[in-house]
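*Asks:* Got a structure for you, questions after.
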Amino acid sequence: MTKEIYTAALIIIGDEILSGKTRDANTPWLAENLNESGVRLTEVRVIPDDKQKIVDTVNEMRTVHDYVFTTGGIGPTHDDITAESVAAAFGVELELSEEAYAALLSYYEDESDITESRKKMAIIPKGATLISNPVSGAPGIHIENVYVFAGVPRIMQAMFDAVRHELKGGKPVETRSVSADLAESLVADGLAEIQTRYKMIAIGSYPKYQNGRFGTTLVLRGIDDDALGAATQEVVDLVKLLGEKSPIVS
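The sequence shown begins at 631 in our numbering and counts up by one.
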């Protein structure tokens, strides 16, 4: 029997994210693209450049999710410690990858340009495989169900595209939304009743303020098309009953 739901966790590694100096742009993109592959991003953690924290988080996440993705910390500087931390999480040594070194050499062209700091980007956990990086040469790392990506969005996206075909997933989650010029508190009770009848559908309520008026957008998500359609119709009927004459359904 085919598994219906595959889940993933994203571990964002970097003091620069936690300090607010750098904004995370990877989560929305990864969530959308994972869903296209039938994988749900169900957990996101942001953690510092701390080896033990990375080890503990990777080990926790890889036991409860089908896939774990990390971003950040695989560059040439002293605080880029993701590779060594992932090696520690799996209890393996680090080794110089000839394939990764060749990728660096191909990118930099002259071996004299590969400083000791840059050479660090070719050192990977023993037993890991490489993830192609057509943007800047230095590869990502794949070991068991853990995928180690760069933090720069353009590079992260290229790395994900390189492994996308490897991911086994279920049916992508479909989304429907119903927008109404009604206060969130007005629809709360009726929405709760609908949710009890459609436990396989996730229903969320999000207040909005547009054109000088408060309103609510109701979002329904699920993999059962029939249930999603029926639940959406009940939500439409609810907001009409409460006074919304022209709900926007998308």
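Note that beta-carbon positions come from the ideal geometry of N, C-alpha and C, so glycine has one too.
Does DSSP put I812 in a helix, a strand or coil?
*Replies:* A small correction: the amino acid at residue 812 is Leu; Ile does not occupy that position in the sequence shown. Coil, per DSSP.
*Asks:* What does the alpha-carbon distance come out to for the pair D696 and Y636?
*Replies:* Distance between the alpha carbons of D696 and Y636 is about 6 Å.
*Asks:* Determine contact between the segment 829 to 841 and the segment 784 to 802, defined as no fewer than three beta-carbon pairs at a distance below 8 Å.
*Replies:* No, the segment 829 to 841 is not in contact with the segment 784 to 802.
*Asks:* The alpha helix (DSSP H) with L648 in it runs from where to where?
*Replies:* Segment 645 to 648, the alpha helix (DSSP H) holding L648.
*Asks:* Just how far apart, CA to CA, sit F699 and I641?
*Replies:* In a straight line, the C-alpha of F699 is about 6 Å away from that of I641.
*Asks:* Could you give the residue range of the alpha helix (DSSP H) that holds Q736?
*Replies:* Looking at the sequence itself, residue 736 is Ser, so the reference to Gln does not match. From DSSP, the alpha helix (DSSP H) with S736 extends over 728 to 738.
*Asks:* If we ignore side chains and look at the alpha-carbon of each, how far apart do L760 and D811 end up?
*Replies:* Taking the straight line joining both Cα atoms gives about 51 Å.
*Asks:* From which residue to which residue does the alpha helix (DSSP H) around E746 run?
*Replies:* Start and end: 746 to 749.
*Asks:* May I ask you to report which of helix, strand or coil DSSP gives K870?
*Replies:* Reduced to three states, the DSSP call for K870 is helix.
*Asks:* Between which two residues does the alpha helix (DSSP H) containing I684 stretch?
*Replies:* 681 to 694 is the span of the alpha helix (DSSP H), which, as asked, contains I684.
*Asks:* Near M631, what residues of its chain come up, given a Cβ to Cβ distance below 6 Å and the 5 sequence neighbours on each side ignored?
*Replies:* With a pLDDT of 45 at M631, under the threshold of 50, the modelled position of that residue is not reliable, and no figure is offered here.
*Asks:* Compute the distance between the beta-carbons of P802 and N689, then report whether it is under 9 Å.
*Replies:* In this structure, N689 does not lie closer than 9 Å to P802 by Cβ.
*Asks:* Considering Cα atoms alone, identify which of E646, T846, R748 is closest to V869.
*Replies:* Residue T846 is the option with its Cα nearest to V869.
*Asks:* Suppose you measure from the CA of S747 to the CA of I773; what does that come to, to the nearest Å?
*Replies:* Distance between the alpha carbons of S747 and I773 is about 23 Å.
*Asks:* Please report the distance separating the alpha-carbon of D743 from that of A733.
*Replies:* When rounded, the distance between both Cα atoms is 13 Å.
*Asks:* On the DSSP letters alone, give me the boundaries of the alpha helix (DSSP H) that A792 sits inside.
*Replies:* Element bounds for A792: 783 to 793.
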